[in-house]
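Undergrad:
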Amino acid sequence: MQQPLGDQIRVRMDKDSPVFTEKRGFRDAWRQIKRDRFLYALAALPLLYFVIFRYLPMVGLIIAFQDYDPFLGIGAMFGGENWVGLKHFRNFFDSIFFWNVVRNTVLISFYKLLFGFPLPIVLALLINEVRITVFQRAVQTISYLPHFFSMVVAAGIVRAMLTPQGGLLNQAVVAFGGDAQAFLTDPALFRSILVTMDVWQQAGWNSIIFLAAMATINPEMYEAAAMDGANRFQRMWYVTLPSISFAIVIILIFRIGGMLDAGFEQILLLYSPSVYSVSDIIDTYVYRAGLIGRQYSFGAAVGLFKSVLALILMYMANKVAQYLGQEGLW
Amino acid sequence: MKLSRGEKLFDWINILVLIILTLFFLIPFLSVVSTSLVSGREYALRGLFILYPHQPVLSSYDMLLGQGSIVINAYFVTSARVIVGTFLGLTFTFPLAYVLSKRRLYGRVPITMLIFFTMLFSGGLIPNFVLVEKLRLLDSFWAMIWPVLINPWWLLIMRNFMLAIPEELEEAAIMDGASPLVVLLRVYLPLSMPVIATIGLWYAVFHWNQWFDAAIYINDAKKLPLQLILRGILEYGTGQYSDYSGLAEMTELTDPPPAESLKAAMIVITTLPILMIYPFIQRYFVRGIMLGSIKG
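Going down the list, the sequences are from chains A and B.
The first sequence begins at 9 in the working numbering and counts up by one.
The second sequence begins at 147 in the working numbering and counts up by one.
1. Beta-carbon within less than 8 Å of T29(A)'s beta-carbon, same chain only, minus the 5 sequence neighbours each way: which residues are those?
2. Report yes or no: is there a C-beta of chain B within less than 9 Å of the C-beta of F241(A)?
3. At 7 Å on the CB atoms, spell out the chain A contacts of D157(B), in chain order.
4. Decide yes or no for the touch test of the segment 242 to 261 of chain B against the segment 360 to 379 of chain B: beta carbon pairs closer than 8 Å, at least 3 of them.
5. Label M324(A) either buried or exposed according to how many other C-beta atoms from any shown protein chain fall within 10 Å of its C-beta, with 16 as the threshold for buried.
6. Tell me whether L327(B) is buried or exposed, calling it buried when 16 or more other Cβ atoms sit within 10 Å of its Cβ.
7. Quick one: what's got a C-beta closer than 7 Å to V129(B)'s C-beta in the same chain, skipping five residues either side?
8. Distance check for I82(A) and F267(B), CA to CA, integer angstroms please.
9. For a test of the three-state rule: what should DSSP assign to Y1(A), helix, strand or coil?
10. Going by Cα to Cα distance, which pick from V329(B), I342(B), I161(B), I413(B) is closest to T141(A)?
11. Give a yes or no on whether 9 Å exceeds the smallest Cβ distance from I345(B) to chain A.
12. Alpha carbon to alpha carbon, what distance is there between F275(B) and I71(A)?
13. Would the segment 151 to 159 of chain A count as touching the segment 212 to 222 of chain A if we require 3 or more Cβ pairs under 8 Å?
14. Could you name the residues of the segment 142 to 165 of chain A whose beta carbon sits closer than 8 Å to any beta carbon of chain B, in the order they occur along the chain?
15. May I ask which residues mark the beginning and end of the alpha helix (DSSP H) holding D208(B)?
16. Measuring only the C-alpha atoms, how far is T158(B) from M244(A)?
17. Are I261(B) and M304(B) touching if we call contact CB-CB under 9 Å?
18. Around the Cβ of G265(A), are there at least 16 other Cβ atoms within 10 angstroms (buried) or fewer (exposed)?
19. Which residue wins for smallest C-alpha separation from L133(A), given the options A49(A), L249(A), L115(A)?
20. Under 9 Å, Cβ to Cβ, is there at least one residue of chain A near S268(B)?
21. Which residues bound the alpha helix (DSSP H) around N219(B)?
22. Within the same chain, show all residues whose beta-carbon is closer than 8 Å to that of N355(B), passing over the 5 residues directly before and after it, in chain order.
23. Go ahead and pull the three-state DSSP assignment for Y63(A).
24. Nearest to F61(A) by CA position, among S206(B), W348(B), A220(B), L283(B), is which residue?
25. So G307(A) packs on A297(A), CB below 8 Å; how close in whole Å?
26. If you draw a straight line from the alpha carbon of P281(A) to that of H155(A), how long is it in whole angstroms?
27. Using the Cβ count rule (16 or more neighbours within 10 Å means buried), how would you classify V147(A)?
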């Protein structure tokens with residue numbers, strides 16, 4: 009279960025003054041470290057996790073600049089005989105796959121944003137207007153549910169809905185006099201299926217943040233608006249929506265910052281060779297060419313290309329958020 | 147307060163739209179549940195089902211959960227993963243969160259930055275795979291535990307929670323002669339129980355639903371978690387597990403369920419535990435979104 013970064017605004021780094029006064033200088037530093045040796049001992053093992061499983065793979069990215077041979081030892085990784093510079097990057101940029109996977113990544117993300125971003129806002133607005141608490145709760149609970157399904161289960165449900173062997177959608181098609189179709193292998197429909205599934209699975213969950221923002225609106229604003237003769241719809245439009253516009257903008261910015269994650273697991277579970285042309289994204293390409301095809305160095309290079317772009321995008325998103333007066337993600 | 151006609155109309159339209167949306171969220175899963183209850187005979191007669199089976203049967207479940215079935219085995223693998231992953235996750239997350247919540251700690255900010263950076267940038271698929279291979283964790287249960295031991299985002303949420311615990315508590319305990327370990331276990335641990343329980347639930351659901359790591363690291367069918375047995379059955383049918391499963395006995399059934407019902411039943415089986423606890427744990431997840439945003 010992956011939480012979109014957009015939902016996770018603000019990690020505060022407290023640089024503010026500690027209760028214990030700190031002096032500068034090497035000896036003071038050493039004295040402080042000695043004083044808190046228990047804390048450092050406590051942190052050692054968990055930090056070792058970050059070193060081994062988070063930072064070593066970053067070091068491992070040097071194979072992107074080599075012809076890495078999995079059968080040679082680790083020594084070969086640092087020996088320098090296999091150095092090939094930017095060969096793998098050049099191969100990727102020159103390959104027929106490059107534009108296809110970049111285009112698919114951006115397009116699928118864009119469509120998911122186009123449809124998946126407004127709907128949670130609308131849903132939150134509607135839920136916010138419900139006066140019957142029980143009904144409100146029920147709608148919320150049901151709308152979050154698909155978010156808790158694993159991607160395999162969610163993809164399985166989508167497959168079951170779309171299968172030509174009596175899937176619900178095909179039954180509807182047949183009932184209206186059409187012929188059962190293999191929706192999932194149709195390149196014209198595949199992206200729409202991805203987007204619809206994404207909306208189905210995440211819309212309810214993504215509405216929470218907007219509902220939380222609405223809960224902070226001062227009730228007097230509504231009373232004042234009602235006094236001025238605004239009807240329910242006008243209050244929604246002129247009070248609720250402007251009050252959460254800041255949250256909307258910030259979340260939108262971070263969604264754009266995360267655009268290169270177009271939904272790797274989802275696509276991997278649903279696509280097939282007949283729809284590669286419209287659904288092969290950077291991540292699935294790394295998986296197939298790099299891991300399954302055992303071209304480790306090439307796969308690492310393509311992955312590095314994506315990770316660096318994603319980092320730059322997220323950095324820019326954070327800058328924009330800070331510029332708008334938000335604390336930003338960091 | 148008396149509502150005007152316009153207000154009432156607004157309410158009714160609102161409720162109507164929400165009911166339609168709710169059906170959109172709910173029907174796909176309900177249709178899978180009803181598919182799982184269709185018998186072979188009814189399938190032959192009616193072409194699967196129209197919203198609900200006339201004579202619901204449990205033969206799909208019988209088959210999948212029969213004696214010595216690979217599904218039962220996978221249930222144990224997944225349960226072990228959830229228990230071990232949650233326990234170790236918390237044992238590693240809590241101390242680090244505690245340490246990073248000490249404002250006086252030398253080097254706290256750079257360490258926090260380095261942890262935060264791993265949320266923005268990672269080695270990616272291939273280097274991670276090479277690492278697991280080099281550590282000789284391929285085909286091992288631990289390949290599903292160690293690489294995802296600590297979630298950095300949840301670690302920082304826990305740290306934020308502990309930052310709000312007044313430091314005077316620690317000073318007072320030390321005055322009373324408590325050792326640092328006692329401060330941690332007797333003062334901070336009890337006060338942190340709400341956030342520990344919440345994040346423990348997140349780890350548990352994460353480990354229940356996680357599948358991709360097992361897909362690339364684990365080959366041995368006996369070590370596969372539930373999610374991957376489901377994936378196998380969805381994409382290739384039950385045949386691939388016939389060596390292990392006891393599913394082979396299906397041919398002996400007088401009325402074997404249709405393949406689509408088997409798949410549907412497997413979906414239900416995989417997600418049933420989540421469904422059963424979901425209404426009770428939901429608020430802990432909602433709270434997490436608030437923790438991560440409004441309060442910062």
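Note that CB positions come from ideal geometry on N, CA and C, so glycine has one too.
TA: Inspection of the coordinates gives the following:
1. Indexing the first sequence from 1 puts residue 29(A) at position 21. Since pLDDT at T29(A) reaches only 47, below the 50 mark, its modelled position is unreliable, and no value is offered.
2. Translated into positions along the first sequence, residue 241(A) becomes position 233. By this cut-off, F241(A) is an interface position.
3. Position 11 of the second sequence holds residue 157(B). Per Cβ cutoff of 7 Å: R139.
4. no
5. The residue labelled residue 324(A) in the question sits at position 316 within the first sequence. It counts as exposed.
6. As a position in the second sequence, residue 327(B) is number 181, starting the count at 1. Its Cβ having fewer than 16 others within 10 Å, L327(B) is exposed.
7. Since the first residue shown for chain B is 147 and the last is 442, residue 129(B) is missing from the structure and cannot be characterised.
8. Position 121 of the second sequence, counting from 1, holds the residue named residue 267(B). Position 74 of the first sequence, counting from 1, holds the residue named residue 82(A). If I take the Cα positions, the gap works out to 23 Å.
9. Residue 1(A) falls outside the range modelled here, since chain A spans only 9 to 338, and no answer is possible.
10. Looking up residue 141(A) in the first sequence gives position 133. The candidate whose alpha carbon is nearest that of T141(A) is I161(B).
11. In the second sequence, residue 345(B) corresponds to position 199, counting from 1. Chain A contact via Cβ: absent.
12. Translated into the one-based positions of the first sequence, residue 71(A) becomes position 63. Translated into the one-based positions of the second sequence, residue 275(B) becomes position 129. Computed Cα separation, rounded: 12 Å.
13. yes
14. F143, A146, V147, T149, I150, S151, Y152, L153, P154, F156, F157, S158, M159, V160, V161, A163, G164, I165
15. Reading the second sequence from its first residue, position 62 is the one you call residue 208(B). Unbroken alpha helix (DSSP H) run through D208(B): 205 to 210.
16. The residue given as residue 158(B) occupies position 12 in the second sequence. The residue given as residue 244(A) occupies position 236 in the first sequence. Strictly speaking, residue 158(B) in this sequence is Trp, with Thr absent from that position. If you take the alpha carbons of W158(B) and M244(A), they lie about 16 Å apart.
17. Within the second sequence, residue 261(B) is the residue found at index 115, counting from 1. Within the second sequence, residue 304(B) is the residue found at index 158, counting from 1. Cβ atoms of I261(B) and M304(B): not closer than 9 Å.
18. The residue you call residue 265(A) lines up with position 257 of the first sequence. Under this definition G265(A) is a buried residue.
19. One-based indexing of the first sequence puts residue 133(A) at position 125. Checked all of A49(A), L249(A), L115(A); the closest Cα to L133(A) is L249(A).
20. To locate residue 268(B), count along the second sequence from 1; it is residue 122. So, interface residue.
21. As a first step, residue 219(B) is located in the second sequence; it is residue number 73 there, counting from the start. Where N219(B) is concerned, the enclosing alpha helix (DSSP H) stretches over 216 to 246.
22. Counting from one through the second sequence, the residue named residue 355(B) turns up at place 209. The answer, listed in chain order, is Q373, I420.
23. For the purposes of this step, residue 63(A) is taken as residue 55 along the first sequence, with counting starting at 1. Residue state, collapsed to three classes: helix.
24. Start at 1 with the first residue of the first sequence, and residue 61(A) comes out as number 53. Measuring from the Cα of F61(A), the nearest candidate turns out to be L283(B).
25. Looking up residue 307(A) in the first sequence gives position 299. Looking up residue 297(A) in the first sequence gives position 289. Right, their Cβ atoms sit about 6 Å apart.
26. Residue numbering aside, residue 281(A) sits at position 273 when the first sequence is read from its first letter. Residue numbering aside, residue 155(A) sits at position 147 when the first sequence is read from its first letter. Approximately 28 Å between the Cα atoms of the pair.
27. Counting from 1 along the first sequence, the entry for residue 147(A) is found at position 139. It is buried - the Cβ of V147(A) has at least 16 other Cβ atoms within 10 Å.
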